[in-house]
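Data block below; observations after.
Protein chains in written order, with the working numbering: chain A, 1 to 538; chain B, 1001 to 1169.
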């Protein structure tokens, strides 16, 4: 047995079923050993997408996604994917090949100081210097990635370590790390304080973030909201924590959120943030959410609490544990007046769009699409105007809404949808992107074709980098700079080169039939929707 | 309001840890006024003493972010009155007949030692609180300073009666 065999054995012990990656000499021992295992390998077409695909898989399986790439450019290409996962707290284990130990620091061919380069985007990183450390490091890496505030872990393995003989192999059953003990259980005293505040409050609101989904606390959140009639709003990463049509759900907050959701949050007298960072996109004025209200901040990462807004009651712990504890507390409160007020806001502040009948209206289209989607369908939104429309109009039933919220990485949707589809082949998975973001990841059509992964892709085409164009419209009085996508390929010809079906929608008239054909297609299919190039999200 | 804060950070004595901690400060735009690192009585543990400054929120964030680093075992923070802090400085100066006695007198007053000497140069060593180190430097401004090396501040919390309990925690 050599080091590479040991790594594979560890992956098997962690019940890893698929590895996304791209080989090169420095990771070849790994890719040689994996042939002796049942672990499926997916050859992506560029390394960044290996990390996005692993992220899509991780978000559906609730287990770390695994990436294996070579040294140098292989490793540096994967950085954007790692940073994207880090920003959204998605668990990944990234294995990178490295040059021989004795050549480290000599600037030899394809050497990159990857542990140094990713330092600010990983939860932790390792450079393996002794093959005997492999089992411990692998065990720790999976544990670190998927506990506490989840995130990516990188393991850099020099080729001589992968090739080194290993006498005996034993996968550790326990973790022994004195520096890493995340607080999962919430402090009882603090929990009681929150319940007291709920008893006192007249206008409470819960703002659910991505942490609720990551800790699998959606059921607990819904039960708690229903039990006491507490209204809920969510951040972008929290979309899907509550079914969109749930009577207690009042939409997404933030500068791209629903006006009534923001109003609800600002007017509340008790705001409970759960698993949500007070980021600039979600809460543009942190001062406002501390004004005239009690702010409770629940997060598994203590550093997130008080970073932007000092809470009245900080509560460190995992959302599921804490919400379960909340459910066990009995209290009586009547918020019916507040709910009435919120329902009124919802009516008064409903967004009205003036759509151009000569094009597909993305808002109406996305609504129709989500209504036609399966109950547990997975909707993966890319970045750009398409993301903002998706956030605003996609209706989550019992499925999932995935997007790159923190980093806003264009090109996320196609590889992430591929990862999600591999994780759940029987579920409906749809990637929705713009023509800009599509072209950032279109090389993965080959990956899906090669590995028999069904692709369902929707391209909202406007021939512009719409989000930037919109910004230039408002900020620079229509002085458009470098946002014109002229030269983009004919999508029909392009997808036929990948043996994919092609559908096209030019106006809303045919929307229902085309959506039906798109969803029922059992082959890989791309639907191109022509949208008004001058349409705005705001 | 800007405040000064001393962080005594116990870390795993591994390669790359200094880089990770220093990188945290630069990435998040925290100040490092001084930094001193050395092994503790346990060879697997190093102690980093970092002096930083910032408003209340920054000071709290620094502690939380340090605690988040997986190589950090423990973070203790003090303000200047809660701890004893020391710094070591070596100064090489050029002297002449007229100022030789003055320099020696200054060393006497400041409890500094002359640790090396040649015909025109002498090296002074002083180990004292950061303020007195600064004072010493000021006092030597009239002399021509050739080179200065400083360790950065080291600090430990003052001895209190429940110190045993603290270390057992």
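Idealized CB from N, CA, C, for every residue including glycine. Keep in mind that this is a model prediction, so the values were computed, not measured.
- Query: Taking one C-beta from the region 117-133 of chain A and one from the region 37-52 of chain A each time, how about it: are there three or more such pairs within less than 8 Å?
  - Reply: At 8 Å Cβ cutoff, the stretches do not touch.
- Who does residue 13 (chain A) pair with in a DSSP beta bridge? Its beta-bridge partners do not exist; DSSP assigns none.
- For the region 1070-1099 of chain B, which residues have a CB atom closer than 9 Å to at least one CB atom of chain A, in sequence order? Those would be 1070, 1071, 1072, 1073 and 1074, in chain order.
- Going by beta carbon distance, what residues of the same chain come within less than 6 Å of residue 528 (chain A), once the five residues before and after it are set aside? Excluding five sequence positions before and after residue 528 (chain A), the CB atoms of its chain that fall closer than 6 Å to its own CB belong to 459, 461, 491 and 504, given in chain order.
- Query: Mind checking whether residue 342 (chain A) and residue 264 (chain A) have CB atoms under 8 Å apart?
  - Reply: Contact check for residue 342 (chain A) against residue 264 (chain A) passes: the beta carbons are separated by less than 8 Å.
- Query: Closer than 8 Å, CB to CB, is residue 115 (chain A) near chain B or not?
  - Reply: yes
- Task: With a cut-off of 8 Å on the beta carbons, I'd call residue 1093 (chain B) and residue 1121 (chain B) a contact; round off their distance for me.
- Result: 7 Å
- Message: Considering just the uninterrupted stretch of the beta strand (DSSP E) at residue 247 (chain A), what are its terminal residues?
- Response: Here residue 247 (chain A) belongs to no beta strand (DSSP E), and DSSP marks it neither H nor E.
- Going by Cα to Cα distance, which pick from A:365, A:218, A:159 and A:474 is closest to residue 534 (chain A)? A:474
- Distance, Cα to Cα, residue 411 (chain A) vs residue 1064 (chain B)? 33 Å
- Query: So what's residue 230 (chain A) in DSSP terms, helix, strand or just coil?
  - Reply: Looking at residue 230 (chain A) - three-state DSSP - the assignment turns out to be coil, as it is neither helix nor strand.
- Evaluate the contact criterion for the region 144-156 of chain A versus the region 76-96 of chain A: three or more CB pairs, one atom per stretch, below 8 Å. yes
- Item | Status (buried if at least 16 other CB within 10 Å, exposed otherwise) for residue 479 (chain A) | exposed
- Task: Whole angstroms is fine: what's the gap from residue 311 (chain A)'s alpha carbon to residue 304 (chain A)'s?
- Result: 11 Å
- Query: Applying the criterion that 16 or more other CB atoms from any shown protein chain within 10 Å of the CB defines a buried residue, is residue 438 (chain A) buried or exposed?
  - Reply: Its Cβ being crowded by 16 or more others within 10 Å, residue 438 (chain A) is buried.
- Message: Below 8 Å, how does it come out for the region 86-104 of chain A and the region 54-64 of chain A: are there three or more Cβ pairs, yes or no?
- Response: yes
- Item | Closer than 7 Å at the beta carbon, the chain A residues around residue 1065 (chain B) | 303
- Message: Judging by CA-CA distance, which residue of A:386, A:148 and A:135 is the nearest neighbour of residue 362 (chain A)?
- Response: A:386
- Query: Taking Cβ-Cβ distances shorter than 9 Å, what residues in chain A pair up with residue 1012 (chain B)?
  - Reply: 178 and 179
- Message: Are the CB atoms of residue 238 (chain A) and residue 182 (chain A) within a distance shorter than 8 Å?
- Response: no
- Within 7 Å of chain A by C-beta, residues of the region 1020-1050 of chain B in sequence order: 1020, 1023 and 1027
- Message: Quick test of the definition: if touching needs 3 or more C-beta pairs under 8 Å, does the region 1083-1093 of chain B touch the region 137-144 of chain A?
- Response: no
- Item | Own chain partners of residue 1045 (chain B) with C-beta closer than 8 Å, once the 5 adjacent residues on each side are dropped | 1010, 1011, 1012, 1013, 1039 and 1073
- Do we get a CB-CB distance below 8 Å when we pair residue 1105 (chain B) with the residues of chain A? no
- Task: Within the same chain, show all residues whose beta-carbon is closer than 6 Å to that of residue 29 (chain A), passing over the 5 residues directly before and after it, in chain order.
- Result: 4, 162 and 163
- Message: I need the straight-line Cα distance from residue 1103 (chain B) to residue 1047 (chain B), nearest angstrom please.
- Response: 35 Å
- Quick one: what's got a C-beta closer than 7 Å to residue 346 (chain A)'s C-beta in the same chain, skipping five residues either side? 250 and 260
- Interface positions of the region 414-431 of chain A facing chain B (Cβ-Cβ less than 8 Å), listed along the chain: none
- Message: If I follow the unbroken beta strand (DSSP E) through residue 447 (chain A), where does it start and stop?
- Response: First-last for residue 447 (chain A): 444-451, but that is the alpha helix (DSSP H), not the beta strand (DSSP E).
- Query: For chain B, is any of its Cβ atoms less than 8 Å away from the one on residue 210 (chain A)?
  - Reply: Closer than 8 Å: no.
- What are the residues that DSSP puts in a beta bridge with residue 461 (chain A)? A:530
- Counting only beta-carbon atoms, is residue 307 (chain A) nearer than 8 Å to chain B? yes
- Item | residue 275 (chain A) to residue 426 (chain A) span [Cα, whole Å] | 29 Å
- Just the chain A side, please: which residues come within less than 9 Å of residue 1054 (chain B) by C-beta, in chain order? Chain A residues near residue 1054 (chain B): none, gap ~13 Å exceeds 9 Å.
- Do you know offhand how far residue 1043 (chain B)'s Cα is from residue 209 (chain A)'s? 42 Å
- With DSSP as the reference, label residue 199 (chain A) as helix, strand or coil. helix
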